[in-house]
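2 protein chains.
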Amino acid sequence: MILTVTLNTALDITYRVPSLRPHTSHRVTEVVERPGGKGLNVARVLAALGHEVTVTGFTGGATGRIVQDRLTAVPGLVDALVPVTGPTRRTVAVVDERSGDTTQFNEPGPTVTPAEWSAFQETYADLVPSVSAVALCGSLPPGVPVGAYAGLIRTAKAAGVPVLLDTSGEALRRGVAARPDILKPNADELAELTGSHEPLRATRDARRRGALAVVASLGKEGLLAATPEGRWRATPPTRIRGNPTGAGDAVVAGLLSALVEHLPWPDRLTRAVALSAATVRAPVAGEFDRDVFDELVGRVEVTTDVSAA
Amino acid sequence: MILTVTLNTALDITYRVPSLRPHTSHRVTEVVERPGGKGLNVARVLAALGHEVTVTGFTGGATGRIVQDRLTAVPGLVDALVPVTGPTRRTVAVVDERSGDTTQFNEPGPTVTPAEWSAFQETYADLVPSVSAVALCGSLPPGVPVGAYAGLIRTAKAAGVPVLLDTSGEALRRGVAARPDILKPNADELAELTGSHEPLRATRDARRRGALAVVASLGKEGLLAATPEGRWRATPPTRIRGNPTGAGDAVVAGLLSALVEHLPWPDRLTRAVALSAATVRAPVAGEFDRDVFDELVGRVEVTTDVSAA
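These protein sequence lines are chains G and C, in that order.
To convert, note that position 300 of the first sequence is 300 in the UniProt record's numbering; the numbers rise steadily by one, no gaps.
To convert, note that position 203 of the second sequence is 203 in the UniProt record's numbering; the numbers rise steadily by one, no gaps.
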């Protein structure tokens, strides 16, 4: 059982319109709704890979009920979301069919009360001892203390459970100091954390700040990993075109699933890159294309990073 | 008791954003949700005026539950909405705080099945005999026959209950032939129905097509009424600035409330104009400002239309 934490869950709504014209009225031609928030996306990919996953975080109101109804329909996925009074936020992505471009509107989400935050911490502490790995994913909702991830990392480490952190900004800065087993930043998050836009230097610096291993996702250049066992680059065999939504969450799912299967680092990175590419290529944002994954997993190139010598 | 019919109910969501920039991501600074659809707006104004109102139409899914929860919180309002399988549509209005302009996205709404349409007609036929007036408002959802309003008008007339129609396009064209007691088109709807952009000529023509009385809402020029008792113009005393959302629904509520209070036509028009202006002036879209209403109701100018002589 893997545990994913999504403190800022969402109902992701996608609208298709023939052409976006600001300050006019649009008839939406297609509406797609799905549970959102990085940890829920990671959980869906893990479940599709055949892993049992428990999801926790916060849920509230009518939108929260829709999110939970959808999650319980996913085989292998256990709902341990903690109720809050305010309604789970919506995100609305408006896709312009003419250009393919997306215009995004993100609601702020409910403010979590101190009592709700305490209730979550209890639930989390009860769940952690029986899982094989934990993923802490995404932004913090209003009301949750900025050091939240640091505390959750310490709880996992005290229970001897490996923990991966995927967040940004101050939550990332505070979290990394609590020594997560794996940090999964993208290029921007890594640069913001370390002040360096040079990935090799930045991953080394992120390890010095506390992360045991750092796996940076560098878009089309694949992954750069700095770990206690060595340093690697993993790159997809071809330039993958498509929708990058959820590609980073697929990397997290790939890393975690391979971790609990006790695969060595090069195999973890191979799986993560192939899953990420198969997500970019899938017709539905955030899903992954199984055939593309099966085809790519044998063709990802993993090289030992000689510059680390 | 007044009955309002809203076949295409909605959950109206308003987002405020600092500035709308197409093809970028926006943090929404304020979210406001309210039940929508013209008949529900009319019902809210009627309830605020102290009238008892029953609302019917269709409701479904999680969005429908939110709409119903909000409606039952309104004193004097009775929920007789008929369940459908598909979810009630959302509308999303994005207000650009810099320019004040609104960009609107309207979901299509659920397709109503023949069985659901039959269930509605039964509910409607059960309600009509015990009410003092009926308002049929707004567009028809997918699946409802285009002649729907004509049938609902005939049912009301057979029960001796006065009926007002406020819709557009083919639903209006088919509905007017069933001889509604009052037709409430705006300038565009009237022109589309009659082919004439000259309101005096067009209101006369709409009466020839079947409407017993026609009250055209002409924006800042107020109302133009052609009735069996005479022809009138009613104009607000000053140019009213603000948000016109819901101004037409306030006209309907004004006309209907004054009808059931047996007021003469000039008083009905005075109330409708004052309510409409008080809605434009209100800070919340679709609400009306009670003080502005009380102040304006004594200052609306109603003139007998001499050109009708």
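Note that beta-carbon positions come from the ideal geometry of N, C-alpha and C, so glycine has one too.
The structure presented is a predicted model; accordingly, all values stated were derived computationally and were not measured.
How long is the line joining the alpha carbons of G210/C and G298/C, rounded to whole angstroms? Counted from its first residue, the second sequence places residue 210/C at position 210. Counted from its first residue, the second sequence places residue 298/C at position 298. Roughly 33 Å between the two C-alpha positions.
Assuming I2/G is part of the beta strand (DSSP E), what are its boundary residues? Residue numbering aside, residue 2/G sits at position 2 when the first sequence is read from its first letter. First-last of the beta strand (DSSP E) with I2/G: 2 to 6.
Can you pull out the residues from the stretch 23 to 42 of chain G whose beta carbon lies closer than 8 Å to at least one beta carbon of chain B? Protein chains in the displayed structure are G and C, and chain B is not among them.
What are the start and end residues of the beta strand (DSSP E) that includes F288/G? For the purposes of this step, residue 288/G is taken as the residue at position 288 of the first sequence. Where F288/G is concerned, there is no enclosing beta strand (DSSP E), given that its DSSP letter is neither H nor E.
Give a yes or no on whether the minimum CB-CB distance between G219/C and chain G is below 8 Å. Here residue 219/C corresponds to residue number 219 of the second sequence, with the count starting at 1. Taking CB atoms only, G219/C has no neighbour in chain G less than 8 Å away.
Could you check whether the stretch 118 to 131 of chain C touches the stretch 48 to 66 of chain G, counting it as contact only if at least three pairs of C-beta atoms, one from each stretch, sit closer than 8 Å? Judged by Cβ distances under 8 Å, the stretch 118 to 131 of chain C makes no contact with the stretch 48 to 66 of chain G, as fewer than three pairs qualify.
Give, in chain order, every residue of the stretch 53 to 72 of chain C whose Cβ lies closer than 9 Å to some Cβ of chain G. Here the close residues are G61, A62, T63, R65, I66, D69.
Identify every run of the beta strand (DSSP E) within the stretch 159 to 218 of chain G, keeping only runs that are complete inside it and at least 3 residues long; order them along the chain. 163 to 166, 213 to 217, all fully within the stretch 159 to 218 of chain G.
For V28/C, count the other beta carbons within 10 Å of its own beta carbon; 16 or more makes it buried, fewer makes it exposed. Which is it? Counting from one through the second sequence, the residue named residue 28/C turns up at place 28. Classification of V28/C: buried, given that the 10 Å Cβ count is 16 or more.
Can you pull the chain G neighbours of L20/C, defined as C-beta to C-beta under 7 Å? As a working note, residue 20/C is residue 20 in the second sequence. For the C-beta of L20/C, the chain G residues within less than 7 Å are, from N- to C-terminus, P22.
Within-8 Å CB hit, Q121/G to chain C: Numbered from 1 along the first sequence, position 121 holds the residue referred to as residue 121/G. Chain C, which has no Cβ nearer than 8 Å to the Cβ of Q121/G, makes this no.
Using a Cβ-Cβ cut-off of 8 Å (strictly less than) and excluding sequence neighbours within five positions of residue 310/C, which residues of its own chain qualify? The requested residue 310/C is not part of the displayed model; chain C covers only 1 to 309.
Output needed for I72/C: all residues of its chain with C-beta closer than 6 Å, excluding positions within five of it in sequence on either side, in chain order. Against the second sequence, residue 72/C aligns to sequence position 72. The question names Ile, but residue 72/C is Thr in the sequence shown. Contacts found: D79.
Terminal residues of the continuous alpha helix (DSSP H) containing N41/C? As a first step, residue 41/C is located in the second sequence; it is residue number 41 there, counting from the start. Residue range 38 to 48 is occupied by the alpha helix (DSSP H) that includes N41/C.
Less than 6 Å between C-beta atoms, sequence neighbours within five positions excluded: which residues of the same chain meet that for P141/G? Looking up residue 141/G in the first sequence gives position 141. The beta carbon of P141/G sits closer than 6 Å to those of L7, N8, G109, V112, all from its chain and outside the five residues before and after it, given in chain order.
R271/G burial status per 10 Å Cβ neighbour count (16 or more: buried): Indexing the first sequence from 1 puts residue 271/G at position 271. Burial is judged here by how many other beta carbons sit within 10 angstroms of a residue's own beta carbon; R271/G has at least 16 and is buried.
List the residues of chain C that E97/G touches, going by C-beta distances under 7 Å, in chain order. In the first sequence, the residue the question calls residue 97/G occupies position 97. Listed by position along chain C, the residues whose Cβ is nearer than 7 Å to that of E97/G form an empty set, because the closest Cβ is around 13 Å away.
Going straight from the alpha carbon of L11/G to that of G219/G, what length do you get? Taking the first sequence and counting its residues from 1, one reaches residue 11/G at position 11. Taking the first sequence and counting its residues from 1, one reaches residue 219/G at position 219. About 25 Å.
Assuming T14/C and T59/C are in contact, meaning their beta carbons sit under 8 Å apart, how far apart are those beta carbons, in whole angstroms? Start at 1 with the first residue of the second sequence, and residue 14/C comes out as number 14. Start at 1 with the first residue of the second sequence, and residue 59/C comes out as number 59. Not confirmed; about 20 Å, so no contact.
By Cβ distance, which residues of its chain are closer than 6 Å to R34/G, with the 5 residues on each side in sequence left out? Mapped onto the first sequence, residue 34/G falls at position 34. Counting only Cβ-Cβ distances below 6 Å, and skipping sequence neighbours, we find D12.
Could you please give the first and the last residue of the uninterrupted alpha helix (DSSP H) stretch that includes G60/C? For the purposes of this step, residue 60/C is taken as residue 60 along the second sequence, with counting starting at 1. Looking at the DSSP string, G60/C is not in any alpha helix (DSSP H), and its letter there is neither H nor E.
Straight-line Cα distance separating H262/C from G230/C: In the second sequence, the residue the question calls residue 230/C occupies position 230. In the second sequence, the residue the question calls residue 262/C occupies position 262. Put simply, the backbone Cα of G230/C is about 16 Å away from that of H262/C.
Please state whether the Cβ-Cβ distance between V42/C and L152/C is less than 8 Å. Here residue 42/C refers to the residue found at position 42 of the second sequence. Here residue 152/C refers to the residue found at position 152 of the second sequence. Result no, Cβ atoms of V42/C and L152/C do not sit closer than 8 Å.
Under the three-state reduction of DSSP, which class applies to E221/G: helix, strand or coil? Counted from its first residue, the first sequence places residue 221/G at position 221. For E221/G, the secondary structure class from DSSP, reduced to helix, strand or coil, is helix.
T9/G lies in the alpha helix (DSSP H); which residues open and close that run? Here residue 9/G corresponds to residue number 9 of the first sequence, with the count starting at 1. DSSP places T9/G outside any alpha helix (DSSP H), giving it a letter other than H or E.
Determine, using beta carbons only, whether Y149/C comes closer than 8 Å to chain G. As a position in the second sequence, residue 149/C is number 149, starting the count at 1. Cβ-Cβ to chain G under 8 Å: no for Y149/C.
Which residue or residues does DSSP assign as beta-bridge partners of W232/C? Along the second sequence, read from residue 1 onward, the residue named residue 232/C stands at position 232. A225/C, T304/C.
In chain C, which residues lie with their C-beta within 8 Å of the C-beta of E107/G? Counting from 1 along the first sequence, the entry for residue 107/G is found at position 107. Simply Y15, V28, V31.
Burial state of H197/C, where buried means 16 or more other Cβ atoms lie within 10 Å: By one-based count along the second sequence, residue 197/C stands at place 197. Exposed: under 16 other Cβ atoms inside 10 Å.
For D289/G and T194/C, what's the separation of their Cα atoms in angstroms? Translated into the one-based positions of the first sequence, residue 289/G becomes position 289. Translated into the one-based positions of the second sequence, residue 194/C becomes position 194. Looking at the two C-alpha atoms, the distance is approximately 55 Å.
Report whether the distance from the Cβ of G230/G to the nearest heavy atom of the ligand ADP is below 7 Å. With respect to the ligand ADP, the structure offers nothing, as it holds no ligand at all.
Does R34/G come out as helix, strand or coil in the three-state DSSP assignment? As a position in the first sequence, residue 34/G is number 34, starting the count at 1. It is a strand residue.
Just to confirm, are A282/C and L296/C a CB contact at a threshold of 8 Å? Working through the second sequence from its first residue, we reach residue 282/C at position 282. Working through the second sequence from its first residue, we reach residue 296/C at position 296. If you check the CB distance, A282/C and L296/C do not come in under 8 Å.
Given a cut-off of 8 Å, decide if L190/G and A202/G are closer than it, judged by their beta-carbon atoms. Stepping through the first sequence from its first residue, residue 202/G is reached at position 202. Stepping through the first sequence from its first residue, residue 190/G is reached at position 190. Yes, the Cβ-Cβ distance between A202/G and L190/G is below 8 Å.
Out of D126/C, G100/C, A234/C, state which residue places its alpha-carbon closest to the alpha-carbon of T56/C. The residue given as residue 56/C occupies position 56 in the second sequence. When each option's Cα is compared against that of T56/C, the closest is D126/C.
Under 8 Å by Cβ, that's how I've got L255/C and K157/C pegged, so tell me the actual separation to the nearest angstrom. Locating residue 255/C in the second sequence gives position 255, where the first residue counts as 1. Locating residue 157/C in the second sequence gives position 157, where the first residue counts as 1. Taking the Cβ atoms as the reference, L255/C lies roughly 17 Å from K157/C, outside the contact range of under 8 Å.
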